[in-house]
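In our numbering, the protein residues as written are 711 to 1102.
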């Protein structure tokens, strides 16, 4: 019998996060710090708008690119947050989450054999999506000593004649790293010089704790070579609504919409009406949730210092990325023992790339009360490990 499977799909590894999710789902008394999902409910005024859209019978397809009303609000948001203008009719698409936008951008821009640069540790979907688009993924290993930022030298060294796209994943999942304007200016110079393009995943743009997020599209010559991706899942606690968006030059956007119309048709109508309300009246909600995340972030950093656990200070998203190399264990072995012995679930750093070895991703998208209990258990665990190793 002929092999029914596509080779490029078979070679894609399953998500390294799912293993621990599946185990935890069967342990009712476990505390999970592994999910990158806000613990807040979607604010009521946003939910109300979704409910109202159903009550009004708005249950039909929208245009392929999305409700014009929503696209206009997206453009207004980018204008007020980044002072950059886009054409709502030709440069915006509403997608089924930010993940679909990543897939669309890659498939619209890649020819077989083109290289896509992927800084890691980073979100698990980039490399598989590049492979499925017939690209050659090229990994740039980010370094703890650089606070997991991408440097101009690292970028320059990775570029070849086949390089077409750089994925720019900041604020970063899993490290919480950010890129400040000076960092972006240095890599933008290389991007313009080498004539490559950027997919800038800014899904955590509203969740920064040092200074306001700066998008690479604000820099000279970068808007015309960048696909900017964002969405509603993280900032507005709307993960289950499955809604994201992308902004890009018209020639790229036309091809993204073409793929989207054949594969998806349109994003969920109810979610789109709710998102209009989120963009118009949700700034205070975002500010309140961001302050709560920041409180949790500061608590975790304080507890790590008390434990003597090394962790650079992250200023974005809602993750910390502590180093556990001192224990001489793989990240996966550490996470497995922590779950078995203390019933606390974290994600091994290797789920986000091989260079994540020796680190853990801990999400603080959980209540402070749960974090206090979980960190106490982690403290007990590493104290016991140090005693077993004769270092305490």
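The beta-carbon is built from N, C-alpha and C at its ideal position, and this holds for glycine as well.
Let me see if you follow: with CB-CB separation under 8 angstroms, is residue 806 close to chain B or not? Included in the structure is just one protein chain, with no chain B present.
Using the rule of at least 16 other Cβ atoms within 10 Å of the residue's Cβ for burial, across every protein chain shown, is residue 867 buried or exposed? As a first step, residue 867 must be located in the chain shown, where it is residue number 157. Result: exposed.
What residue range is occupied by the uninterrupted beta strand (DSSP E) comprising residue 805? As a position in the chain shown, residue 805 is number 95, starting the count at 1. Its beta strand (DSSP E) spans residues 802-805.
Could you tell me if the beta carbon of residue 897 falls within a distance shorter than 7 angstroms of some heavy atom in the ligand COA? Looking for the ligand COA in the displayed structure turns up nothing, as the structure carries no ligands at all.
Within 10 angstroms of its Cβ, does residue 882 collect 16 or more other Cβ (buried), or is it exposed? To locate residue 882, count along the chain shown from 1; it is residue 172. Buried, by the Cβ-count rule.
Taking the continuous alpha helix (DSSP H) assigned at residue 838, which residues delimit it? Here residue 838 corresponds to residue number 128 of the chain shown, with the count starting at 1. From DSSP, the alpha helix (DSSP H) with residue 838 extends over 836-842.
What is the residue span of the beta strand (DSSP E) that residue 907 lies within? Residue numbering aside, residue 907 sits at position 197 when the chain shown is read from its first letter. Its beta strand (DSSP E) spans residues 907-911.
Taking 8 angstroms as the threshold (C-beta atoms), are residue 910 and residue 939 in contact? One-based indexing of the chain shown puts residue 939 at position 229. One-based indexing of the chain shown puts residue 910 at position 200. Residue 910 sits close to residue 939, with the two beta carbons spaced by under 8 angstroms.
In chain order, what residues of the same chain lie with their CB nearer than 7 angstroms to the CB of residue 783, ignoring the 5 residues before and after it? Taking the chain shown and counting its residues from 1, one reaches residue 783 at position 73. 986, 989, 990.
Helix, strand or coil for residue 792, going by three-state DSSP, please let me know. On the chain shown, residue 792 is found 82 positions in, with the first residue counted as 1. Shown here, residue 792 sits in a helix according to DSSP, grouped into three states.
Leaving out five residues on either side along the sequence, give the residues of the same chain with a beta carbon under 6 angstroms from the beta carbon of residue 1013. Looking up residue 1013 in the chain shown gives position 303. Within the same chain, residue 1013 has close Cβ partners 1085.
What span of residues does the alpha helix (DSSP H) with residue 720 cover, start to end? Counting from 1 along the chain shown, the entry for residue 720 is found at position 10. Taken as a continuous stretch (DSSP letters only), the alpha helix (DSSP H) holding residue 720 covers 717-720.
Among 877, 775, 853, 852, which has the Cα closest to the Cα of residue 820? The sequence position of residue 820 within the chain shown is 110, counting from 1. Of the listed residues, the one whose Cα sits closest to residue 820 is 877.
Select from 796, 847, 768, 941 the residue whose C-alpha is nearest the C-alpha of residue 718. In the chain shown, residue 718 corresponds to position 8, counting from 1. If we check each option's Cα against that of residue 718, 847 comes out closest.
Buried or exposed for residue 826, please, with buried defined as at least 16 other CB atoms from any protein chain shown within 10 angstroms of its CB. Residue numbering aside, residue 826 sits at position 116 when the chain shown is read from its first letter. So residue 826 counts as buried.
To which residues does DSSP link residue 848 through a beta bridge? Translated into positions along the chain shown, residue 848 becomes position 138. Residue 848 pairs with 827.
Is it the case that the stretch 946-961 contacts the stretch 801-814, given that we only count it when at least three CB pairs across the two stretches are under 8 angstroms? Of all C-beta pairs linking the stretch 801-814 to the stretch 946-961, three or more are shorter than 8 angstroms, placing the two stretches in contact.
CB residue 725 to CB residue 834, shorter than 8 angstroms? Counted from its first residue, the chain shown places residue 725 at position 15. Counted from its first residue, the chain shown places residue 834 at position 124. Cβ distance < 8 angstroms, so residue 725 and residue 834 count as in contact.
Take the Cβ of residue 1066 as the centre, count every other Cβ of all protein chains shown within 10 Å, and call the residue buried at 16 or more, exposed below. For the purposes of this step, residue 1066 is taken as the residue at position 356 of the chain shown. By the neighbour-count rule (16 or more Cβ atoms within 10 Å), residue 1066 is buried.
Any 3 or more C-beta pairs closer than 8 angstroms across the stretch 838-853 and the stretch 991-1008: No, they do not touch.
Closest to residue 769 by C-alpha separation, out of 1096, 1052, 979, would be which residue? Here the question's residue 769 lines up with position 59 in the chain shown. Of the candidates 1096, 1052, 979, the one whose C-alpha sits nearest the C-alpha of residue 769 is 979.
Neighbourhood of residue 932 by C-beta, 6 angstroms cutoff - its chain only, sequence neighbours within 5 removed: Position 222 of the chain shown, counting from 1, holds the residue named residue 932. A distance below 6 angstroms between beta-carbons, with the five flanking residues on each side excluded, links residue 932 to the following residues of its chain, in chain order: 898, 926.
If the criterion is Cβ atoms closer than 8 angstroms, does the pair residue 972 and residue 935 meet it? As a first step, residue 972 must be located in the chain shown, where it is residue number 262. As a first step, residue 935 must be located in the chain shown, where it is residue number 225. No, the Cβ-Cβ distance between residue 972 and residue 935 is not below 8 angstroms.
Under the three-state reduction of DSSP, which class applies to residue 1086: helix, strand or coil? In the chain shown, counting from the first residue as 1, residue 1086 sits at position 376. In the structure shown, residue 1086 falls within a helical segment according to DSSP collapsed to helix, strand and coil.
Determine the direct distance from the alpha carbon of residue 1097 to that of residue 1088, and round the result to whole angstroms. The residue labelled residue 1088 in the question sits at position 378 within the chain shown. The residue labelled residue 1097 in the question sits at position 387 within the chain shown. So the two alpha carbons sit approximately 14 angstroms from each other.
Buried or exposed: residue 771, going by 16 or more other Cβ atoms within 10 Å of its Cβ? Residue 771 sits at position 61 when you count from the first residue of the chain shown. The residue is exposed, with fewer than 16 neighbouring Cβ atoms inside 10 Å.
Please state whether DSSP places residue 762 in a helix, a strand or coil. Counting from 1 along the chain shown, the entry for residue 762 is found at position 52. Here residue 762 sits in helix by DSSP.
Can you give me the C-alpha to C-alpha distance between residue 786 and residue 739, rounded to a whole angstrom? If you number the chain shown from 1, residue 786 lands on position 76. If you number the chain shown from 1, residue 739 lands on position 29. Answer to the nearest angstrom: the Cα atoms are 45 angstroms apart.
Starting from the C-beta of residue 777, find all residues in its chain whose C-beta is less than 6 angstroms away, skip the five residues before and the five after it, and write them out in chain order. Against the chain shown, residue 777 aligns to sequence position 67. Here the set comprises 982.
For residue 940, list the residues DSSP reports as bridge partners. Locating residue 940 in the chain shown gives position 230, counting from the first residue. 955.
Relative to the C-alpha of residue 984, which residue among 929, 1100, 758, 1043 is closest? As a working note, residue 984 is residue 274 in the chain shown. Sorting 929, 1100, 758, 1043 by C-alpha distance to the C-alpha of residue 984 places 758 at the top.
From residue 994 to residue 946, what distance separates their C-alpha atoms? As a working mapping, residue 994 is identified with position 284 in the chain shown. As a working mapping, residue 946 is identified with position 236 in the chain shown. Cα to Cα, the separation comes out at about 10 angstroms.
Checking 8 angstroms against the spacing of the C-beta atoms, do residue 830 and residue 1062 come in under that value? Residue mapping note: residue 830 aligns to position 120 of the chain shown, counting from 1. Residue mapping note: residue 1062 aligns to position 352 of the chain shown, counting from 1. Taking 8 angstroms as the Cβ cut-off, residue 830 and residue 1062 qualify as a contacting pair.
Going by DSSP, name the residue or residues bridged to residue 1058. Taking the first residue of the chain shown as 1, we reach residue 1058 at position 348. Looking at the DSSP output, residue 1058 sits in a beta bridge with 1070.
Taking C-alpha atoms, which residue in 849, 919, 747 lies nearest to residue 1001? For the purposes of this step, residue 1001 is taken as residue 291 along the chain shown, with counting starting at 1. 919 is the residue among 849, 919, 747 whose C-alpha sits nearest the C-alpha of residue 1001.
Skipping 5 residues on each side, what residues in its chain have a beta carbon closer than 8 angstroms to that of residue 838? For the purposes of this step, residue 838 is taken as the residue at position 128 of the chain shown. Excluding residues within five positions, the ones whose Cβ falls inside 8 angstroms are 722, 723.
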